[in-house]
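Using full-length UniProt numbering, the first residue of the sequence shown is number 1, and each one after it goes up by one.
Positions of the beta carbon are idealized from the N, C-alpha and C atoms, including for glycine.
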Amino acid sequence: MLSERLKQELNDIVNRILDRCELQWDNTLGKNELIKALLETYAMDTNIPGHPFLGESEYKSDVFVAFMLDMRDSTKHLRQAISARIASVSEMQRVFYEVSALLPAMTKIIREYKGSVTEYLGDGLLALFQLPKQKEEQAEVLHNVINAANTCLEALNQVVNPILNERFGLPKIEIGIGLAFSDAIISHFGLPPHTQVKVIGECIYFASKCSKGRNEIILHEYLKHIWPKSKKGQLRFTKRSFDKFDGYIVTKKSEIERNVG
1 MLSERLKQEL NDIVNRILDR CELQWDNTLG KNELIKALLE TYAMDTNIPG
51 HPFLGESEYK SDVFVAFMLD MRDSTKHLRQ AISARIASVS EMQRVFYEVS
101 ALLPAMTKII REYKGSVTEY LGDGLLALFQ LPKQKEEQAE VLHNVINAAN
151 TCLEALNQVV NPILNERFGL PKIEIGIGLA FSDAIISHFG LPPHTQVKVI
201 GECIYFASKC SKGRNEIILH EYLKHIWPKS KKGQLRFTKR SFDKFDGYIV
251 TKKSEIERNV G
């Protein structure tokens with residue numbers, strides 16, 4: 001849930017970052033290195049949850065929920081100009097501002113719910129939530145996962161999009177969120193001395209496949225099978241078949257009732 005405290009913090013973060021982005025753009029004429037530099041600035045919490053240290057010759061395994069967030073149509077935004085009568089920025093500058101506003105805001109929310117952003121993927125991000133073995137602890141983590149996803153959608157509509165529209169006249173951006181879980185291997189990849197600790201597992205593959213919706217949260221069938229039961233039944237799961245697996249669109253019942261009303 002997007003509390004007033006969090007909403008105000010996100011407003012401050014997005015506006016502060018966009019102030020910096022406008023200054024950077026004006027001073028460098030929009031060099032491509034800007035996006036990479038900005039994302040590195042906010043890629044501070046990149047440790048794998050539960051495994052903050054890993055020796056160079058070590059590898060470990062664990063169970064994670066992968067949280068993949070992806071912005072829709074960024075390539076289209078990059079290649080197609082938008083009318084100056086609609087917005088004050090276009091193409092590369094537009095995507096630079098959109099990504100710069102979106103990713104730090106989403107990162108803040110994921111951290112609020114005890115997840116860790118491990119990679120920024122151009123116009124999206126990968127976050128991980130360590131999944132305990134005990135069912136009671138699993139339920140708490142899964143509630144954090146879905147609350148983080150719902151709060152990301154709320155913040156997109158109540159914070160990020162309104163600010164981008166107010167400052168630049170930009171239309172709404174859309175995101176997809178995919179969720180999946182599996183065993184995964186944690187290891188060093190690359191050549192010394194510039195190796196990087198990464199997680200490899202089915203959860204990342206399936207979360208990526210499930211992240212193709214438009215302002216939708218879609219979870220993989222394996223994650224649906226372990227989802228904790230609730231007497232109140234606050235969530236509705238609507239089946240969506242993919243090429244080789246089933247996914248489920250997750251919707252809060254309160255939203256469905258509000259839309260019907």
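_Supposed contact pair PHE64 and LEU131 - C-beta distance, whole angstroms, cut 8 angstroms_ = By one-based count along the sequence shown, residue 131 stands at place 131. By one-based count along the sequence shown, residue 64 stands at place 64. That pair is a contact at about 6 angstroms.
- Query: If we count Cβ pairs, one from each stretch, closer than 8 angstroms, do we get three or more for the segment 93-110 versus the segment 232-239?
  - Reply: no
_residue 280: first and last residue of the uninterrupted beta strand (DSSP E) it sits in_ = Because residue 280 is not part of the residues shown, which for the chain are 1 to 261, the question remains open.
Enumerate in chain order the residues of its own chain whose CB-to-CB distance from GLU40 is below 6 angstroms, with the five nearest sequence positions on each side excluded. Here the question's residue 40 lines up with position 40 in the sequence shown. Because the pLDDT of GLU40 is 47, which lies under 50, any placement of that residue in the model is unreliable, and the question is left without a value.
Next on the checklist: Give me, in chain order, the residues of the same chain whose beta-carbon lies closer than 8 angstroms to that of residue 264; leave out the 5 immediate sequence neighbours on both sides.
Outcome noted: In this structure the chain extends from 1 to 261, so residue 264 is not present and cannot be described.
Own chain partners of residue 324 with C-beta closer than 6 angstroms, once the 5 adjacent residues on each side are dropped:
Residue 324 is absent from the structure shown; the chain starts at 1 and stops at 261.
Notebook entry, point to check: Going by beta carbon distance, what residues of the same chain come within less than 8 angstroms of ARG5, once the five residues before and after it are set aside?
Noted result: In the sequence shown, counting from the first residue as 1, residue 5 sits at position 5. There are no such residues.
Does the segment 15-30 come within contact of the segment 116-123, defined as at least 3 CB pairs closer than 8 angstroms? no
Exercise. Can the beta-carbon of ALA127 be found less than 7 angstroms from the beta-carbon of PHE67?
Worked result: As a first step, residue 127 is located in the sequence shown; it is residue number 127 there, counting from the start. As a first step, residue 67 is located in the sequence shown; it is residue number 67 there, counting from the start. Yes, the pair counts as a contact, with Cβ atoms nearer than the cut-off.
key: Residue from GLN24, ASP243, ILE226 and ILE186 whose Cα sits closest to the Cα of GLU137   = Numbered from its first residue, the sequence shown carries residue 137 at position 137. Checked all of GLN24, ASP243, ILE226 and ILE186; the closest Cα to GLU137 is ILE226.
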